[in-house]
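Asks: Can you keep this structure in mind? I'll have questions shortly.
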Amino acid sequence: QSFYQVNAVQTEVLYNAAIDLAALSGGERAIDAYCGTGTIGLVAAARGAGEVVGVDSVESAIRDARQNARHNGVENARFVAADAGEFMRRLAADGERADVVLMDPPRAGSSEEFLDAVAKIGPKRVVYVSCNPTTLERDCTYLEKQGYRAKEVWPVDMFPWSGAVETVVLLSKGEVDS
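Read in order, the letters of the sequence shown correspond to residues 44 to 221 in our numbering.
Okay, structure coming up:
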């Protein structure tokens, strides 16, 4: 029941773009929302995040994420089986913070509950990976109303000769360079 990107070469390009936009310098707390088998979060943990917390509602994917962390010797990541919106709402209610939120939701995008909780947690950067331009635009517009601004957008062609493209967007709080 776990989701996997099928184009391994471009998946590496996609995930590297996401981690580069996260601008991890060491010590950051990152939330990997809709983490699936934990791939993006594990790359973030290996490339500079102090702590990564991954969340996904598919329990078998979380089992795979935990196994992937053990297999790769990653000790600064943990994974939680829960609905991403409810999980984020609990973190916000508990006054938890994150420096970066990495999110790769399904085609339907995120819920307003999730996006509101992201704003309450107040990360400096949100890195949004999307396969659906319509829900990406909707969710980015919602986050803009919460004080975030799109700073960079990177398309990644996962399926050459098709109309499908993955997009990675960096949203940040505060002023955006012109």
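C-beta atoms are modelled at their ideal positions from N, C-alpha and C, and glycine is treated no differently. From a predicted model like this one, the values you see are computed outputs, not experimental measurements.
Assign Leu-67 to one of three DSSP states: helix, strand, or coil.
Replies: As a working mapping, residue 67 is identified with position 24 in the sequence shown. Reduced to three states, the DSSP call for Leu-67 is coil.
Asks: Excluding five sequence neighbours on each side, which residues of the same chain lie with their C-beta closer than 8 Å to the C-beta of Val-199?
Replies: As a first step, residue 199 must be located in the sequence shown, where it is residue number 156. Result list for Val-199: Gln-53, Val-56, Leu-57, Ala-60, Val-208, Glu-209, Thr-210 and Val-211, in chain order.
Asks: Check Lys-216 in the structure and name its three-state DSSP category.
Replies: Against the sequence shown, residue 216 aligns to sequence position 173. In the structure shown, Lys-216 sits in a strand (DSSP, three-state: E or B).
Asks: What does DSSP give as the partner residues of Ser-173 in its beta bridges?
Replies: Position 130 of the sequence shown, counted from the start, is the residue given in the question as residue 173. According to DSSP, which records beta bridges pairwise, Ser-173 is partnered with Thr-210.
Asks: If you reduce the DSSP assignment to three classes, tell me which class Lys-240 lands in.
Replies: What is shown of the chain runs 44 to 221, which leaves residue 240 out entirely.
Asks: Please report the Cβ distance between Tyr-185 and Glu-156, rounded to the nearest whole angstrom; I am assuming they are in contact, meaning their Cβ atoms lie under 8 Å.
Replies: In the sequence shown, the residue the question calls residue 185 occupies position 142. In the sequence shown, the residue the question calls residue 156 occupies position 113. The Cβ separation is near 11 Å, so there is no contact.
Asks: May I ask you to report which of helix, strand or coil DSSP gives Phe-202?
Replies: Numbered from its first residue, the sequence shown carries residue 202 at position 159. In this structure, Phe-202 counts as coil in the three-state DSSP scheme.
Asks: When the Cα atoms are used, what is the spatial distance from Val-98 to Asp-182?
Replies: Counted from its first residue, the sequence shown places residue 98 at position 55. Counted from its first residue, the sequence shown places residue 182 at position 139. About 19 Å.
Asks: If we count the other Cβ atoms within 10 Å of its Cβ and call it buried at 16 or more, is Asp-220 buried or exposed?
Replies: Numbered from its first residue, the sequence shown carries residue 220 at position 177. Its pLDDT being 48, under 50, Asp-220 is placed unreliably by the model, and the measurement read from it follows with that caveat. It is exposed - the Cβ of Asp-220 has fewer than 16 other Cβ atoms within 10 Å.
Asks: If you follow the alpha helix (DSSP H) that Val-86 is in, where does it begin and where does it stop?
Replies: As a working mapping, residue 86 is identified with position 43 in the sequence shown. Per DSSP, Val-86 belongs to the alpha helix (DSSP H) from 82-89.
Asks: Spell out a yes or no on whether the segment 140-150 and the segment 116-126 are touching, meaning 3 or more CB-CB pairs, one atom from each, closer than 8 Å.
Replies: No contact exists between the segment 140-150 and the segment 116-126.
Asks: Can you find at least 3 beta carbon pairs, one from the segment 100-113 and one from the segment 153-173, that sit closer than 8 Å?
Replies: Because the criterion of three Cβ pairs below 8 Å is not met, the segment 100-113 and the segment 153-173 do not touch.
Asks: With a threshold of 16 other CB atoms inside 10 Å of the CB of Gly-70, please say whether the residue is buried or exposed.
Replies: Translated into the one-based positions of the sequence shown, residue 70 becomes position 27. Per the 10 Å Cβ criterion, exposed.
Asks: Comparing alpha-carbon positions, which option in Ala-124, Arg-90 and Ala-104 lies nearest Leu-64?
Replies: Counting from one through the sequence shown, the residue named residue 64 turns up at place 21. Of the listed residues, the one whose Cα sits closest to Leu-64 is Arg-90.
Asks: Would DSSP call Tyr-191 helix, strand or coil?
Replies: As a position in the sequence shown, residue 191 is number 148, starting the count at 1. It is a strand residue.
Asks: Establish whether the CB of Val-101 and some CB of chain D are separated by less than 8 Å.
Replies: No chain D appears in this structure, which consists of one protein chain only.
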